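Structure first, commentary second.
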Amino acid sequence: MYIKTIDPKVVAESIINNFGQQTVVISVAEHSAIDINALIGCLVEHDIPFIGGIFPKVISGTEVYDEGMILTGFSNVVETYLVKDLNTESFNIPKIDLEEDDNYFLFTFADGLTSYLSLYLSELYTSYGNKVSYIGAGTGSLSLLQIPCVFDKSGIHQDAAVGLIAKSKIALGVKHGWKRIAGPYVATKTDKNTIQEINWQPAFEVYKNIIKEHSQKEISCENFPSIAKAYPFGILKDNSEYVVRDPLTLNDKGEIVCIGEVMENTVLDVLNGDNETLIQAAEAAASQVITQLESPKQAYISNCISRILFLEDDYHLELKAISKKLVKNNQPIPVEGALTLGEISSFGDSYLQLFNKTVVIGLFE
Numbered sequence: 163m164y165i166k167t168i169d170p171k172v173v174a175e176s177i178i179n180n181f182g183q184q185t186v187v188i189s190v191a192e193h194s195a196i197d198i199n200a201l202i203g204c205l206v207e208h209d210i211p212f213i214g215g216i217f218p219k220v221i222s223g224t225e226v227y228d229e230g231m232i233l234t235g236f237s238n239v240v241e242t243y244l245v246k247d248l249n250t251e252s253f254n255i256p257k258i259d260l261e262e263d264d265n266y267f268l269f270t271f272a273d274g275l276t277s278y279l280s281l282y283l284s285e286l287y288t289s290y291g292n293k294v295s296y297i298g299a300g301t302g303s304l305s306l307l308q309i310p311c312v313f314d315k316s317g318i319h320q321d322a323a324v325g326l327i328a329k330s331k332i333a334l335g336v337k338h339g340w341k342r343i344a345g346p347y348v349a350t351k352t353d354k355n356t357i358q359e360i361n362w363q364p365a366f367e368v369y370k371n372i373i374k375e376h377s378q379k380e381i382s383c384e385n386f387p388s389i390a391k392a393y394p395f396g397i398l399k400d401n402s403e404y405v406v407r408d409p410l411t412l413n414d415k416g417e418i419v420c421i422g423e424v425m426e427n428t429v430l431d432v433l434n435g436d437n438e439t440l441i442q443a444a445e446a447a448a449s450q451v452i453t454q455l456e457s458p459k460q461a462y463i464s465n466c467i468s469r470i471l472f473l474e475d476d477y478h479l480e481l482k483a484i485s486k487k488l489v490k491n492n493q494p495i496p497v498e499g500a501l502t503l504g505e506i507s508s509f510g511d512s513y514l515q516l517f518n519k520t521v522v523i524g525l526f527e
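With our numbering applied, the sequence shown corresponds to residues 163 to 527, in that order.
What follows is the structure, given as C-alpha cells:
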C-alpha cells in the first residue's frame, strides 16, 4: 500500500484500517517530509508492530516515487529484531526458536553502506541456515552518504539491521541480465568493499583497460559513475546467477569502492548489459516466482537503484514486464517495494547472498 503524508496519525490509521493485527514493514522514500521519530512514537503509542527502512525511492505497481512510503503487512510473525553495531565485527544475531518442518521466511532491512553487511548476512545464515528463506534490502540514501536508515520501536539507526521471521511460504526470483565480457580475474588485494588490486596490478588500471577495449571509452575519476554503471563485476557461484558487485566510485588512492564486500582472492568477471537484457531478466524473475505458489497475495521487489540509473526512461518497462507476469488465476498480484542499495535473497536452495544491480522478487501467501 502506497501512502504519502506528513502526519504520523494518518499512517497509524491506515495501518489499523488496512492491516489489523499484522506486522507492518515500512519502506520510506528518502525525500519524504514525514518526521520518522514522530512516526515511530505514534506507531508505538498505537501498539502497532513494525520495522522499517529508508530508501532512495519506493515502488508501487509500475510507478516510482521519491516521496511517501510503502506499507506491507505480514501475518504469523514470530518475532521482530534489531541488530546494531554492524560497523564492527562485534554484533549479536538474535536467537529465535523455530519449529521443525515448518515454512518460515526472514525479511530484513540492513544499512546498505555499513562496513560489515556481508558478515551480518553470513552470521544470519549461520544462525538459521535452511530453516528459513531470506529476502531483504540494503537501505540508505542515493547520495551514498551514510545516514540512519533502519528503524523499529526503539528508534532510527545507522550501521544496523532490522528484521522479522514469519511462518509462511515464500517464493523467490532473482535475475539481473548482465553478461560476461572479460575475465576471469583475481581480486588479489581487497579491504572489505574496496578492490585494491586485480591480478597483482592496481585494480583501476586493469578495469580501465577492460572498458577501453570493449567500448573505446576512457574512464576516469570524473566520469567513473556514468561509465562504471554499465560494467559491474560478477562473482560466479556454483553455476548459478552471478552475484554482482556494483563499482560505485574511486577512493582517494584510486581504488575501486563497491557496494558489498569482495573477499581477497575472489575470482571476478567483468559484466555488461543493455536495456533489453535487463528488462528481460526482470520478466524472467517474475516468471520464476509465479508458478511456485498456489494462492499468492502480494509481491515485494528489492530492485537496485542502479537499474533505474542505467535504464533511465525505460525503467517503467521493467516494472510493466514484472507486473504483466505476476498474475494468478486471472487476478493481478499487488507489486510494491523499493529501489535499494543491495538486494538480499537466498534464491533456490543456495546460500544467503547480497546482490547488486539485481531484481529480487518475493511472492507471499
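Where a beta carbon is used, it is the ideal one built from N, C-alpha and C, also for glycine.
Because the structure is a prediction, the values reported are computed rather than measured.
From this set, the options, which residue's C-alpha is nearest residue i's C-alpha?
i	options	result
residue 423	456, 320, 516	516
residue 470	416, 384, 192, 441	441
residue 151	509, 503, 282, 495	Here the chain covers residues 163 to 527 and nothing more, so residue 151 does not appear.
residue 525	513, 489, 178, 504	489
residue 224	518, 503, 379, 475	475
residue 357	455, 427, 472	427
residue 506	267, 394, 446	267
residue 246	314, 386, 212	314
residue 445	482, 473, 459	482
residue 295	335, 207, 248	335
residue 473	453, 186, 435, 459	435
residue 240	200, 226, 258	258
Is residue i buried or exposed, if buried means 16 or more other CB atoms sit within 10 Å of its CB?
i	result
residue 362	exposed
residue 307	exposed
residue 288	exposed
residue 210	buried
residue 425	exposed
residue 457	exposed
residue 531	The structure shown does not extend to residue 531, since the chain spans only 163 to 527, so no value can be given for it.
residue 264	exposed
residue 414	exposed
residue 252	exposed
residue 256	exposed
residue 170	buried
residue 487	buried
residue 207	exposed
residue 519	buried
residue 465	buried
residue 439	exposed
Using a C-beta cutoff of 9 Å, does residue i count as contacting chain C?
i	result
residue 387	Within the model displayed, chain C is absent; a lone protein chain is all it includes.
Please go through the same chain and pick out, in chain order, the residues whose beta-carbon is closer than 7 Å to the beta-carbon of residue i, but skip the five residues on each side of it.
i	result
residue 443	337, 338, 339, 521
residue 354	277, 423
residue 228	191, 193, 219
residue 529	It is not possible to answer for residue 529, since the shown part of the chain is limited to 163 through 527.
residue 447	335, 336, 337, 521, 523
residue 310	318, 319, 320
Skipping 5 residues on each side, what residues in its chain have a beta carbon closer than 6 Å to that of residue i?
i	result
residue 376	343
residue 168	195, 196
residue 409	390, 418, 420
residue 146	Examination of residue 146 is not possible in this model, given that the chain is present from 163 through 527 alone.
residue 383	412
residue 242	213, 326
residue 333	451, 454, 455, 525
residue 285	255
Give the C-beta separation of residue i and residue j to the nearest angstrom, bearing in mind that I take them to be a contact with Cβ-Cβ under 8 Å.
i	j	result
residue 429	residue 346	5 Å
residue 348	residue 395	Between residue 395 and residue 348 the Cβ distance is about 12 Å, and since that is not below 8 Å, they are no contact.
residue 467	residue 283	That pair is no contact at about 19 Å.
residue 318	residue 202	7 Å
residue 300	residue 501	With 8 Å as the limit, residue 300 and residue 501 do not qualify as a contact, their Cβ atoms being about 11 Å apart.
residue 331	residue 455	6 Å
residue 370	residue 360	Not quite, the Cβ-Cβ distance comes to about 11 Å (not below 8 Å), so this is no contact.
residue 316	residue 244	6 Å
residue 186	residue 198	With 8 Å as the limit, residue 186 and residue 198 do not qualify as a contact, their Cβ atoms being about 14 Å apart.
residue 399	residue 405	6 Å
residue 174	residue 238	Not quite, the Cβ-Cβ distance comes to about 22 Å (not below 8 Å), so this is no contact.
Apart from the five residues on each side of it in sequence, which residues of its chain come closer than 8 Å, Cβ to Cβ, to residue i?
i	result
residue 366	412, 416, 417, 418
residue 350	359, 360, 361, 362, 426, 427
Specify whether the region 272-291 and the region 322-329 touch according to this definition: at least 3 beta carbon pairs, one from each stretch, less than 8 Å apart. Yes: at least three Cβ pairs fall under 8 Å.
Assess contact between the region 216-224 and the region 180-193, defined as three or more Cβ pairs (one per stretch) separated by less than 8 Å. Is contact present? Judged by Cβ distances under 8 Å, the region 216-224 makes contact with the region 180-193, as three or more pairs qualify.
Does the structure place the region 226-244 close enough to the region 177-184 that three or more beta carbon pairs sit under 8 Å? Yes, since at least three Cβ pairs between the region 177-184 and the region 226-244 fall closer than 8 Å, the two stretches touch.
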